[in-house]
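If you read the sequences in order, they're chains E and D. Using the UniProt record's numbering, you'd call the opening residue of the first sequence number 1 and step up by one each time. Using the UniProt record's numbering, you'd call the opening residue of the second sequence number 1 and step up by one each time. Cβ atoms here follow ideal geometry from the backbone N, Cα and C, with glycine treated the same way. In what follows, a structure is listed as C-alpha cells, so that the remarks can point back to it.
2 protein chains.
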Amino acid sequence: MPRSQRRAALVHPDARDYDLLDVLHALADRTRMTIVRTLRTDPERACGTFPVDVAPSTLTHHFRVLREAGLIHQREEGNRRWTTLRLADLDGRFPGLLDSILAADKRAAP
Amino acid sequence: MPRSQRRAALVHPDARDYDLLDVLHALADRTRMTIVRTLRTDPERACGTFPVDVAPSTLTHHFRVLREAGLIHQREEGNRRWTTLRLADLDGRFPGLLDSILAADKRAAP
Numbered sequence: 001m002p003r004s005q006r007r008a009a010l011v012h013p014d015a016r017d018y019d020l021l022d023v024l025h026a027l028a029d030r031t032r033m034t035i036v037r038t039l040r041t042d043p044e045r046a047c048g049t050f051p052v053d054v055a056p057s058t059l060t061h062h063f064r065v066l067r068e069a070g071l072i073h074q075r076e077e078g079n080r081r082w083t084t085l086r087l088a089d090l091d092g093r094f095p096g097l098l099d100s101i102l103a104a105d106k107r108a109a110p
Numbered sequence: 001m002p003r004s005q006r007r008a009a010l011v012h013p014d015a016r017d018y019d020l021l022d023v024l025h026a027l028a029d030r031t032r033m034t035i036v037r038t039l040r041t042d043p044e045r046a047c048g049t050f051p052v053d054v055a056p057s058t059l060t061h062h063f064r065v066l067r068e069a070g071l072i073h074q075r076e077e078g079n080r081r082w083t084t085l086r087l088a089d090l091d092g093r094f095p096g097l098l099d100s101i102l103a104a105d106k107r108a109a110p
C-alpha cells in the first residue's frame, strides 16, 4: 500500500468502547489538554493551528493518543488534517465529565 | 536515621499546590481508581484491606502516586498505615471534579 494511503487510515474507537482510564490518561498532559480546550470553543481546526509549542512529530503523537482515547476525530482533506472534538460521543458515555475536567483546568490554568 | 523513622516521613502536598494533570494521571489506573472509590464510601482504611489484587510493593507504589497527587492522606499508627481520601481539599480546589470522575467510572465499571 502506498505511504499516502496508509497515512489516511486513521483509527477511531467506537463510542461504545470508550475506556475512562484512557480518557483520563489522554487529558493528563498539558499539550493534549490545551488541544482539547481549544477544540471545546473552536469546532474544527487544521492541525498546524493549535496554540502549542511542540515539534510536529510530538504533536502527531499527542493527536494519536487523543484519537485512540476517543476524544478527537480527525479527517484528511487534501494535504491537511482537520480535527474535531467528539463531545457528543463523550457526553453520551460520560455525561458532563469533559466539561467538569475542563472547568477544573480553567481554575488551575486560566 | 533508622529505617523505621525514614519510613514514617510521608510527604503530602499542600492543597494549594494541587496539579490537575497529576490528579488525572493518578486516577488513570484501575488499581488506583479502585482505592479512591473504596475510600469515597469508607472514610479510613488500613493499607492491607483494599479490594485490589496486586503485590505489596506495587500497592506501595500506587499509594505513593495517589499521595503525591494529593488524593489521599496516610498516617502511621503502630505498625499499620491508615489511608483517608482528601475529599475536602480536592473539592476546595476543583469543586465536584472527583465525584464527576467517580460517577463516570461507576458507569464504566459498576
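Taking CB distances under 9 Å as the criterion, tell me whether residue i reaches chain E.
{"i": "R93 of chain D", "result": "yes"}
{"i": "I101 of chain D", "result": "yes"}
{"i": "L97 of chain D", "result": "yes"}
With 9 Å as the threshold, decide whether the Cβ of residue i is near any Cβ in chain D.
{"i": "A88 of chain E", "result": "no"}
{"i": "L20 of chain E", "result": "yes"}
{"i": "D53 of chain E", "result": "no"}
{"i": "D29 of chain E", "result": "yes"}
{"i": "R3 of chain E", "result": "Unreliable positioning characterises R3 of chain E in this predicted model, as indicated by a pLDDT of 49, which lies under 50. The coordinate reading is nonetheless provided below. No, R3 of chain E does not count as interfacial toward chain D."}
Alpha carbon to alpha carbon, how far is residue j from residue i? Give it in angstroms, no decimals.
{"i": "L71 of chain D", "j": "P56 of chain E", "result": "34 Å"}
{"i": "V23 of chain E", "j": "T84 of chain D", "result": "26 Å"}
{"i": "A46 of chain E", "j": "T60 of chain D", "result": "44 Å"}
{"i": "A15 of chain E", "j": "L90 of chain E", "result": "7 Å"}
{"i": "R37 of chain D", "j": "L102 of chain D", "result": "7 Å"}
{"i": "R81 of chain E", "j": "V54 of chain E", "result": "17 Å"}
{"i": "E44 of chain D", "j": "L10 of chain D", "result": "17 Å"}
{"i": "R6 of chain D", "j": "E76 of chain D", "result": "Interpretation of R6 of chain D is limited by its pLDDT of 48, a score under 50 that renders its predicted location unreliable; the figure taken from the coordinates is listed afterwards. In a straight line, the C-alpha of R6 of chain D is about 12 Å away from that of E76 of chain D."}
{"i": "R40 of chain D", "j": "S100 of chain D", "result": "12 Å"}
{"i": "D92 of chain E", "j": "N79 of chain D", "result": "Note that residue 92 of chain E is Gly in the sequence shown here, rather than Asp. When rounded, the distance between both Cα atoms is 47 Å."}
{"i": "P51 of chain E", "j": "D42 of chain E", "result": "12 Å"}
Taking Cβ positions, are residue i and residue j nearer each other than 9 Å?
{"i": "H12 of chain E", "j": "I35 of chain E", "result": "no"}
{"i": "A88 of chain E", "j": "H25 of chain E", "result": "no"}
{"i": "L20 of chain D", "j": "A104 of chain E", "result": "yes"}
{"i": "R86 of chain E", "j": "H73 of chain E", "result": "yes"}
{"i": "A108 of chain E", "j": "Y18 of chain D", "result": "yes"}
Indicate whether the contact test is met: 3 or more Cβ pairs, each with one atom in the region 30–49 of chain D and one in the region 89–97 of chain D, closer than 8 Å. no
So within the UniProt domain "HTH arsR-type" (12–105) of chain D, which uninterrupted beta strand (DSSP E) runs reach at least 3 residues, ignoring any that extend past its ends? 44–46, 72–77 and 80–85
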